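Undergrad: Encoded as structure tokens, here's the structure I'll be asking about.
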DNA sequence: GTAATGTATGAAACGCGTTTCAGGTCAAGA
DNA sequence: TCTTGACCTGAAACGCGTTTCATACATTAC
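Below you can see the structure in the form of structure tokens.
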């Protein structure tokens with residue numbers, strides 16, 4: 001592969017001039033520019049990206065940490081990131097972690113090693129303290145509702161959304177309310193649990209541990225949940241669930257079993273994905289894709305605030 | 001940021017020795033190794049990735065071209081790629097194209113520019129000829145059933161699968177069969193259309209152009225499809241559809257409208273995603289994730305064949 | 001005892017584009 | 001005519017780790 005020096009030789013100019021041509025610097029006489037272009041064509045020259053990266057110290061590569069691409073929530077964030085990244089000529093480096101701290105550290109090492117210019121955590125398992133330590137090496141954005149760090153973050157006010165969801169179920173006459181979480185450890189889950197406890201206290205209901213279901217993320221999980229519900233001795237009348245997937249699984253199974261919805265069993269979920277609309281599931285719309293976009297704007301310094309909270313909206317449909 | 005030369009100075013050794021320590025080369029005396037480690041610690045040294053990439057000529061970065069992450073089919077392939085890539089210490093660079101040839105070319109330029117060591121096309125819009133031209137710069141793997149090029153490819157035998165699907169509908173007594181495609185231009189679509197025509201000919205049915213529906217990918221599309229079906233004067237009694245998403249949309253709407261399935265309307269789809277199981281949709285299982293894994297094995301030269309065709313399996317459920 | 005190996009280390013070149021600095025030309029303004 | 005600034009160009013240094021080559025000592029083998 002030809003390099004810049006060979007081009008310079010063939011075109012009869014210096015490497016600096018070739019570099020100028022490459023970077024569209026104005027101070028190059030037309031004849032020389034032509035000569036360089038010809039030489040590049042003749043030798044089929046193409047720049048070596050790692051060399052540019054080394055030289056410039058930046059790569060236009062953006063790291064994205066996510067547990068799994070298959071979970072639509074994260075897929076959507078990535079979609080938003082990709083869309084906004086496109087505008088700024090950023091390529092995405094995906095780091096799939098499955099909530100493995102090791103993998104998250106690897107992602108942070110990519111930042112320290114100057115392979116990526118910035119890093120977006122769509123979710124995390126590592127501690128804020130550790131993550132913060134890497135901040136000097138490049139911008140790090142969190143997609144979570146965190147007030148414990150000054151790292152920039154873009155989020156949905158999960159606590160508030162959860163609270164509103166519960167309130168809505170209350171107004172519909174439910175007091176026996178269960179909820180599901182994606183991952184109890186998750187940063188967002190804490191907020192949700194807190195909101196749950198607050199509301200239960202308010203209406204003088206006990207916080208039944210067995211009514212807080214962990215690891216509910218998929219349709220399959222939803223199916224098991226309804227099956228579970230059937231076997232319970234004391235049954236909740238309403239569920240506030242992790243996402244539309246879980247709700248879909250629940251609704252499908254509930255219908256099969258002839259459970260009356262929403263009378264016997266009400267379901268309210270989060271996300272407002274296509275499936276929720278198709279199945280008339282009541283849900284809380286959260287602008288997931290928008291989160292991804294905003295995160296990129298943070299990286300690009302387009303957004304000056306350090307915390308951005310995105311609005312959610314309760315969508316009333318048939319399951320509550 | 002400290003570099004290797006500073007470390008060498010502080011440790012009182014040469015840069016080569018530092019490099020050896022960094023790369024676990026055996027020919028370094030223990031004392032020196034210690035000294036280097038200490039110096040690295042003292043200066044908080046961390047390697048610069050672009051420098052290594054430039055030096056080595058490889059990056060352990062793998063490009064993945066895909067139209068959209070939100071389409072579960074592609075999300076699944078990426079999942080497979082990520083899983084297998086993990087084993088080989090590969091990071092993924094995602095290039096979302098929306099079937100835009102320009103973007104695909106950008107991806108190919110990354111390969112030429114030595115930023116990525118290999119490139120996987122989960123789908124493509126660019127011509128094989130153009131793609132082939134970039135092959136000298138690194139391995140390129142296609143996820144399609146192509147016999148027109150010697151580029152390695154991993155695929156599902158779409159033609160055969162489609163044929164089998166149609167045959168199955170035939171055995172169930174259907175002759176008025178419609179089908180949907182994700183994208184008529186798509187390489188897989190050609191095969192599917194061909195299969196469709198072959199079968200229609202065989203049973204002396206006309207190939208009704210208006211029964212080949214294009215751009216059907218989402219639940220939403222499925223909903224519209226059933227609505228459409230209701231308004232048709234001459235109705236097909238069976239559909240072979242792009243994926244489970246579309247099928248789900250169709251089934252949901254059909255149930256709402258009181259259409260009897262499978263008597264009035266039979267549906268067979270592709271993929272066998274969770275939603276198909278949950279909704280008892282008859283489908284043709286294709287090992288999507290496996291495709292991603294195999295693709296990586298091609299990149300790593302673990303797979304010696306140049307074409308791999310993965311098995312599919314018809315899953316009988318309630319919609320046919 | 002001498003040749004052949006293995007171990008250990010450093011200097012220098014290499015991969016390749018960018019950037020700084022110094023020097024030069026030429027036209028416009030004083 | 002002299003100055004000033006815009007325009008143009010090239011040499012050399014720089015970013016940073018890897019690799020080759022030469023050298024030197026320590027073993028082992030015959």
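Chains as they are written, first to last, in the UniProt record's numbering: chain A, 1 to 320; chain B, 1 to 320. Built from N, CA and C at the ideal position, the CB exists for glycine as well. Nothing here was measured: the structure is a model prediction, and the numbers come from that model.
Give the straight-line distance between the Cα atoms of residue 201/B and residue 207/B, rounded to the nearest whole angstrom.
TA: C-alpha separation (whole angstroms): 8 Å.
Undergrad: Which residues in the same chain have their Cβ closer than 6 Å to the Cβ of residue 69/A, if we skip the five residues on either side of it in sequence?
TA: Contacts found: 75.
Undergrad: Quick check: residue 63/B and residue 118/B, are their CB atoms within less than 8 Å of each other?
TA: yes
Undergrad: Is residue 85/A helix, strand or coil when you go by DSSP?
TA: helix
Undergrad: What runs of the beta strand (DSSP E), each 3 residues or longer, lie entirely inside the segment 169-235 of chain A?
TA: If one requires a minimum length of 3 residues, the beta strand (DSSP E) runs lying completely within the segment 169-235 of chain A are 177-180, in chain order.
Undergrad: As a quick exercise: from 28/A, 123/A and 222/A, pick the residue whose alpha carbon is nearest that of residue 188/A.
TA: Among 28/A, 123/A and 222/A, the Cα nearest to that of residue 188/A is on 123/A.
Undergrad: Spell out whether any CB of chain A is found under 8 Å from the CB atom of residue 112/B.
TA: Taking 8 Å as the threshold, the shortest C-beta distance from residue 112/B to chain A falls below it.
Undergrad: I'd like the span of the beta strand (DSSP E) that includes residue 257/A, first residue to last.
TA: No beta strand (DSSP E) holds residue 257/A; DSSP gives it neither H nor E.
Undergrad: Would you please verify whether the beta carbon of residue 24/B is less than 8 Å from any beta carbon of chain A?
TA: no
Undergrad: Does the count of Cβ pairs from the segment 249-257 of chain B and the segment 40-58 of chain B closer than 8 Å reach three?
TA: no
Undergrad: Take the Cβ of residue 230/A as the centre, count every other Cβ of all protein chains shown within 10 Å, and call the residue buried at 16 or more, exposed below.
TA: exposed
Undergrad: Considering only the alpha carbon of each residue, which of 65/B, 81/B, 217/B and 88/B lies closest to residue 109/B?
TA: 65/B
Undergrad: Comparing the C-beta of residue 219/A with each C-beta of chain B, is any distance below 8 Å?
TA: Yes, contact with chain B.
Undergrad: Can you list, in chain order, the residues of the segment 300-316 of chain B whose Cβ is nearer than 7 Å to any Cβ on chain A?
TA: none
Undergrad: Does DSSP classify residue 167/B as helix, strand or coil?
TA: helix
Undergrad: Terminal residues of the continuous alpha helix (DSSP H) containing residue 11/B?
TA: Element bounds for residue 11/B: 4-11.
Undergrad: Could you tell me whether the Cβ atoms of residue 278/A and residue 138/B are closer together than 8 Å?
TA: no
Undergrad: On the three-state DSSP scale, how would you describe residue 149/B?
TA: coil
Undergrad: Note down the Cα distance separating residue 107/A from residue 95/A, rounded to an integer number of angstroms.
TA: 6 Å
Undergrad: Going by the DSSP bridge assignment, what does residue 320/B pair with across the sheet?
TA: Looking at the DSSP assignment, residue 320/B forms no beta bridge with any residue, so it has no partner.
Undergrad: Check the Cβ-Cβ distances between residue 279/B and every residue of chain A, and say whether any is below 8 Å.
TA: Cβ-Cβ to chain A under 8 Å: yes for residue 279/B.
Undergrad: Among 19/B, 60/B, 190/B and 11/B, which residue has its Cα nearest to the Cα of residue 38/B?
TA: 11/B
Undergrad: Using a Cβ-Cβ cutoff of less than 7 Å, which residues in the same chain neighbour residue 53/A once the five nearest sequence positions on both sides are dropped?
TA: 59
Undergrad: With respect to the beta strand (DSSP E) encompassing residue 283/B, which residues constitute its N-terminal and C-terminal limits?
TA: 283-285 is the extent of the beta strand (DSSP E) around residue 283/B.
Undergrad: State the start and end residues of the unbroken alpha helix (DSSP H) segment that holds residue 22/A.
TA: 15-22
Undergrad: If you draw a straight line from the alpha carbon of residue 149/A to that of residue 234/A, how long is it in whole angstroms?
TA: 41 Å
Undergrad: Do you know offhand how far residue 216/A's Cα is from residue 305/A's?
TA: 33 Å
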